[in-house]
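Numbering (the working numbering), first residue to last: 80 to 237. Encoded as C-alpha cells, the structure appears first; notes follow it.
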Amino acid sequence: MKRVVFFLLMILISSCSFFDSKQKRTQELIDEELRHMDWNSVDSYPFFYTCDEADTKEQQKICFEETLISHFQETLNDFEFTLTDKESETVDVIFVIDTLGRIRVDKIYKNALVLNQMPEFDGVITQSLKNLPKLAPALKRGIPVNTKYRIPVQLNTN
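Below, the structure is given as C-alpha cells:
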C-alpha cells in the first residue's frame with residue numbers, strides 16, 4: 080500500500096513539473112518568435128473595399144496607393160491654393176490608419192510660407208482624409224494593426 084501511495088505521489092509531483100516546463104517552453108517559443116518578427120512590414124496592406132482582397136500583396140499596395148492619390152487629387156483640385164514666392168513647395172502629410180480602418184492625421188510638415196499663404200491647408204487635407212471611402216486595416220499575421228503613412232504633396236504655383 081505504501082508503494083502505491085508513493086508511486087501515485089511521484090506521478091502527481093512529476094506531472095505538475097511536466098506541465099510547468101511545457102508552459103515555460105511555449106512562452107519561450109512565443110518570445111523567440113516575437114523577437115524575430117519584422118514589425119516594419121505588414122502581411123496585407125490596408126485596402127479599400129473597391130480593391131480586391133484576394134489580390135497579391137503588391138497588387139493590394141498599388142490599389143491602395145492609386146485610390147488614395149486619386150482621392151487626394153480630386154479633393155485638392157477643388158481648391159485654389161496660391162503660392163507667390165516659389166515655383167513649387169512640398170508638404171508632407173503623415174497619417175495613421177488604425178486597427179478599425181479609421182484615418183487620422185498625425186502631422187503635416189510644411190514651412191512658414193505655406194502656413195502664411197494657405198492657412199486653410201491643414202483643414203482641407205484633414206477633411207480629404209476623413210472623406211476617403213471606407214477601408215479595412217492592414218493585417219499582420221491575421222491581426223489588424225495600426226499603420227503610418229507619409230504622402231508628399233507637391234504644390235505648384237504654375
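The beta carbon of each residue, even a glycine, is placed where N, CA and C say it ideally should be. These figures come from a predicted structure and were not determined experimentally.
Minimum C-alpha distance to residue i - residue among the options
i           : options            : result
residue 192 : 185, 169, 184      : 169
residue 153 : 214, 213, 206      : 206
residue 126 : 107, 223, 197      : 223
residue 120 : 111, 218, 180, 103 : 218
residue 182 : 195, 204, 197      : 204
residue 180 : 214, 196, 194      : 214
residue 196 : 135, 234, 151, 212 : 234
residue 157 : 123, 130, 200, 188 : 200
residue 232 : 151, 101, 184, 124 : 151
residue 208 : 198, 220, 149      : 149
residue 122 : 140, 107, 128, 105 : 140
residue 155 : 124, 216, 210      : 210
Backbone secondary structure at residue i - three-state DSSP
i           : result
residue 205 : helix
residue 120 : coil
residue 168 : strand
residue 127 : strand
residue 214 : strand
residue 240 : No answer is possible for residue 240: the residues shown for the chain start at 80 and end at 237.
For residue i: DSSP bridge partner residues
i           : result
residue 184 : 174
residue 222 : 219
residue 233 : 169
residue 189 : Answer is none; residue 189 lacks a bridge partner.
Any chain B beta carbon closer than 8 Å to residue i
i           : result
residue 141 : Absent from the structure: chain B. Only one protein chain is present.
Exercise. Quick one: any contact between the segment 215-228 and the segment 173-189, if contact means 3 or more CB pairs under 8 Å?
Worked result: yes
Exercise. Residue ranges of each alpha helix (DSSP H) run of no fewer than 4 residues wholly in the segment 127-157, ordered along the chain?
Worked result: 136-156
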